[in-house]
Every structure is written in structure tokens, then in C-alpha cells.
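As you go down the protein sequences, you meet chains E and X in turn. Numbering-wise, this note's numbering puts 161 at position 161 of the first sequence, and it's gapless, one number per residue. Numbering-wise, this note's numbering puts 314 at position 21 of the second sequence, and it's gapless, one number per residue. Glycine is no exception: its CB is placed at the ideal position from the N, C-alpha and C atoms.
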Amino acid sequence: MEKRVVFGHKTLPYLLLAPQLLITIIFFFLPAGEAIWQSTQLQDAFGLSTQFVGLENFTDLFTQSAYLDSFKTTAVFSILVAFVGLSLALLLAVMANRVIRGATVYKTLLIWPYAVAPAVVGVLWLFLFSPAVGILAVAFNSLGIPWNPRLDSTDAMILVLISAVWKQISYNFLFFLAGLQSIPKSLLEAAAIDGASPARRFWSIVFPLLSPTTFFLLVINVIYAFFDTFAVIDTTTQGGPGTSTDILVYKVYNDGFNGLNLSSSAAQSVVLMLIVVALTIVQFRYIDRKVQY
Amino acid sequence: MVERRPWLDFLAHAILIVGLIIVAFPLYVTFIASTQTAQEVANAPMSLLPGSHMVENYLTAITSGGSGASPVGRMLWVSLVMALSIAIGKILISIVSAYAVVYFRFPGRQLCFWMIFITLMLPVEVRIAPTYQVVADLHMLNSYAGLALPLIASATATFLFRQFFLTVPDELVEAARIDGAGPMRFFYDVLLPLSKTSIAALFVIQFIYGWNQYLWPLLITTKENMYPIVVGIRRMVAGGDDVTQWNITMATTILAMIPPALVVILMQKWFVQGLVDTEK
């Protein structure tokens, strides 16, 4: 889509674009270029000299079992975040779409976790699940379920998973609700007249019509799990115990800033960039083809 | 409503209420913990009824800070300045760049548009070390400029304004030109008032984005007086259960949640619409 009527001016558009482009170049393109350049360099242990090594950093990376494990952890984590988060949000949205009385109250009360910072979410759940003082941890222990996210890797994974899902529920809920409200009522009424039960109507009409929203949310949630959960991980488990919650983003940070292994960190950044590019392309291809919303 | 099914309505309410409880539970416990003494909280399991030290805890948090951290009052201020600069900055530079891309034809227009678009694919997380280097070279560590500027470029905001401008009727431009208005006059007097709703929606989303930033401030602030509150809370729990004064930390957490929650709830209408629109 293009405007037919436009203004003619030689310099004004460049002036208008200048601030945005300047910031983009200085803080986005330069660093990204630098990351790609660094990923082909190898620095000695004292940071005194560097040499060009081509793709060696990448081949090193993919032969390290720690990195491959981190890939696996990230995959498991993001699949779980997306699946659990979407199922819960869909359930709540379908119910909220059904009730008439109190619908706005439910909506308002379900929205606010969106406003809470991921780091704060991490601290909230860290407190609830803290082995010494956490109210849920104490409850678990009194039920005879051993619980210690600092020592047990499954417990740690559950802790970050709950925090990440909780944070994202309101976002998913809002989109599902918007999607549900755009489904024509006449279709559902026709099906009801034909004798379809509510469950049957959901699986045969609502769910298929909702698939564009679901797919969109799936991509968004995977991106969220890959990148935005950094704060949740850093406040709750710091990637531990061992490396059991060490997702890719956390590893880039840890290797770069704590391990000071800049070449490896840069190579990991480049791999992550490729993942974001792929996810963004998937997301936009879907938006082009989208049938209904 | 398609048909009457009372038990289904009942089930719907029941599920929603369970959902609400799950969503609200952490907040409730946090609030309760912030009204008790450190001993009461540490005394596991803590009581689930409000304690009597609420005022005291919040005052301690605001004026001196818990667990050796800096006062929360200062951190709230840093967060506020950062969130406002990011939100306003993003809106300003995005609305003018969207205006340029939609209402002018000039060489390199497509290129500019794609340069802005590509920033979507470069979140802070994937370019941390080099961006830190750039900011350090510009001597912007521990400054408001360093906190806000690198986060100000926004492909999403530019898109939203572009989408909106494309729906503005061409007749308005023609009328403005016949009346002798230049491009900037048209922008101020016609386009800006029309964009109010989009601006409000974006403000909510970007304010929350700015307030909730974590990784970036964590990297570039090394002085305590430049910590935003989200980073400050992290420092409070860094010592582990033995040293963390949970009651003060939880009071701080509540304080950190209030501003963005208020913005979301008060501006709910624009926020929901804007959120759904930006992702379209």
C-alpha cells in the first residue's frame, strides 16, 4: 500500500529519519557487525593479540558438549513454556469468553502480570519456592516431596518454567480473547442447532478458526522463551544447578561477561542472531498469509 | 451466548476464579511478607495474615534500602527517568520516521525502511558485548543517556505509525496543500492530533518495556546510585536466604510493580487495542 498524494521536499525526509537511523547504526548495526567480526577472531588468554581463525569458533562451539546441552535445555524449556503457557491461557480465554457477568473484572485482574518485570517475577517465585523460607517449598516438604531448586535440576527447571509461564499468561490470554471474539457467532449458533455439544463446537469450529492466533502466539512465546527469560533465569537459578537451566542467552552473557571468553561469546551471539532471523521470517510469512484475525 | 447450560457457566466461573487465584497468589504473599518483620518471614512457614510492620518496612525500603542496597527512593527515580525517556524517545523518533517514509518519495526510501525493519532481528540479548563496548567508548556507562539511548530505536513503533498513517485519507493532504500548509504544518496540525490514540497505546507498551529492562542496565550500571529498581531488587536477593531481608525486599518488589501496573490498569483500553495492533 502506498500513498498517492505525497509532499515534495528534497532534504526534509532525511532530517526526519536521521535520529532513528543514527541510533540504529550506532547501537544496532555497528555492534552486530562487531559481533560477526569477533566471532571469526581468536583472542589469547591475556587479550594481547588476536588472530583471524575463520569459522573455527563455530566448529569449536558445536563440538563442545556444554553448548549442545545448552541447546537441548533451551529447546525443552521453550517448548514447555509455549505449550503450558498457551494451554492455560486458551482455557482461561475460552471461559472468559463464555461468561457474561464479571467478564471485565476477570479481564482486568488477569492483565496485570503483563506489567510485572521478568526479573521481579523471578524474585517473586524465588521467594515462594526458596527452600528455607518459601511458603510453597515448606508446603512441599511437609507433604513429603523433597524440594530444593538449588540442588535438584528438575526442581530448578520447574521453578523457571512456572515463573516464565506466569509472566506470559496475560499476554497470551489477551490475544486468545481477541481471537475468540472475532469468531462469528452465527457459525456457533448453526452448529448448536445441528446438535453439536459445546466440546464438539470447540474442537470443530473454534479451535481451527483460532489457529492463526495460536500459531502467532506460538512464535512469540518461543521468542520470549529464548530471549526475554534471561531476567527470570538470572534472578532465580543463574543457569544452575550445574548447567541445568543454562539457556543459550544466559550462556552468551555468562561466557562473555563472567568467563571473559569474547570470541566464543561472539560466535554464540551470531548463532542466536540466525535463530532470531529465522523466527522473524516465520512470523512475517505467517502475517502475510493470515486469513482472519 | 448460544444456549443455556448452567453447569457450564458454573464451571467457567470456577476455572476463572482458580486462574485468578494462581495469578494473584504470588502478589498476595509478597504483600503479606512486606508487612511482617524479617524474623516473622524467616519463621517458615510464615503467617498468611498481614503483619503490623507495613509502614515501617516501606519507609525503611524507601529511605535506606534493605540488605545493604541503596535507597529505593533513588532507584524508583532512576527507573522513572529511564522508562519515560525510552517511551517518549521511541514515540518521537518513530513518528517522524514513519511520517518521512509514508508521506515523501526520496531516493533510498526502501533502504531506510529496511534498515529500521532489521532492528527487529537484533534484540539486545544477541549483541550484548559489542553494544557494551560502543557505549563504553562513548563514555555513557552509568548515565541516563547510556540507559535509554541504545533502547530507543523501535521498529514496532515505526510500523504502528506507518500502518496508521496509511489509513489517513489522502483528501486531508490535498485539502492541507490547497490551504497552503507545508509538510511540517500538516504534521503538527492534522496528523499529530489524529494519532493521539496510537500514541497513548504505544506509550503504555513502551513505558512498561522501559521500566522492566533488566539485562541492559545490569551491564552498564556499576554505581549503586544508577541502578534502576529492577536491578536493585536482584542485588538484594543475591546473597541467598541467610542475608536477604525478605520483608524489605518484598516491600521493594511491591514498589517496583506499582507504577507499571497503574499505567496498564488506568490505560487498559488503549493498551489492549495497541498491543493487538502492534503485533498485526
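Check	Outcome
Same chain, Cβ closer than 7 angstroms to Ser387(X), neighbours up to 5 away in sequence not counted	Ser447, Ala450, Thr451, Phe454
Cross-chain neighbours of Leu548(X) in chain E, by beta carbon under 7 angstroms	Within chain E, no residue comes near Leu548(X); the closest Cβ sits about 10 angstroms away, beyond 7 angstroms.
Outcome for Tyr253(E) when other beta-carbon atoms lying within 10 angstroms are tallied against a minimum of 16	buried
Interface residues of the segment 87-101 of chain E facing chain X [CB-CB below 7 angstroms]	Leu91, Leu92, Met95, Ala96, Arg98, Val99, Ile100
The segment 77-97 of chain E / the segment 152-171 of chain E touching (three or more Cβ pairs under 8 angstroms)	yes
Interface positions of the segment 334-350 of chain X facing chain E (Cβ-Cβ less than 7 angstroms), listed along the chain	Val334, Ala335, Ala337, Pro338, Met339
Endpoints, the alpha helix (DSSP H) within which Leu341(X) is located	Leu341(X) -> no alpha helix (DSSP H), and no H or E assigned at all.
Test item: CB-CB of Pro338(X) and Ile135(E) under 9 angstroms	yes
Partner residues on chain X for Gly256(E), Cβ-Cβ distance less than 8 angstroms	Ile421, Ala422
Closer than 9 angstroms to chain E by CB, Asn505(X)	yes
Residues near Val427(X) in its chain [Cβ-Cβ closer than 7 angstroms; skip 5 each side]	none
Trp147(E) versus Ala267(E) - alpha carbon distance	37 angstroms
Residue-chain proximity (Met273(E), chain X), Cβ-Cβ < 9 angstroms	yes
Neighbour flag for Arg298(X) against chain E, beta carbons, 9 angstroms	yes
Classification of Val395(X) by the beta-carbon crowding that lies within 10 angstroms, buried from 16 upward	buried
Opposing strand residues paired with Gln238(E) [DSSP bridges]	Per DSSP, none; premise fails for Gln238(E).
Residue-chain proximity (Arg200(E), chain X), Cβ-Cβ < 9 angstroms	no
Residues of the segment 143-159 of chain E with Cβ closer than 7 angstroms to any Cβ of chain X, in chain order	none
Thr50(E) - partner residues in DSSP beta bridges	Gln43(E)
Three-state secondary structure assigned by DSSP to Phe410(X)	helix
Chain-order list of residues whose beta-carbon lies under 7 angstroms from that of Val334(X) (same chain, five-residue window excluded)	Ala326, Trp539, Asn540
Buried or exposed (CB count within 10 angstroms, at least 16 for buried), Tyr321(X)	exposed
Phe7(E) - DSSP class collapsed to helix/strand/coil	strand
6 angstroms CB neighbourhood of Ala82(E) in its chain, flanking five on each side removed	Leu218, Asn221, Val222
C-beta atoms of Phe479(X) and Met560(X) nearer than 9 angstroms	no
Arg201(E): first and last residue of the uninterrupted alpha helix (DSSP H) it sits in	198-201
Own chain, CB closer than 8 angstroms to Val291(E), minus 5 neighbours either side, in chain order	Its pLDDT being 41, under 50, Val291(E) is placed unreliably by the model, and the measurement read from it follows with that caveat. Excluding sequence neighbours, Val291(E) sits near Pro212.
Exposed unless 16 or more other CB atoms sit within 10 angstroms - verdict on Thr537(X)	buried
Beta-carbon proximity check, Leu309(X) vs Val99(E), cutoff 9 angstroms	yes
Contacts around Arg367(X), its chain only, beta-carbon distance under 7 angstroms, and the 5 residues preceding and following it disregarded	Asn518
Run of the alpha helix (DSSP H) containing Lys516(X), from where it starts to where it stops	Note, Lys516(X): premise wrong, no alpha helix (DSSP H); not H, not E.
Unbroken alpha helix (DSSP H) run spanning Ile169(E), endpoints	153-181
Under 8 angstroms by beta carbon: chain E residues contacting Gln426(X)	Pro31, Glu34
DSSP three-state assignment for Phe399(X), whether helix, strand or coil	coil
Classification of Arg200(E) by the beta-carbon crowding that lies within 10 angstroms, buried from 16 upward	exposed
Arg285(E), DSSP secondary structure in three states	helix
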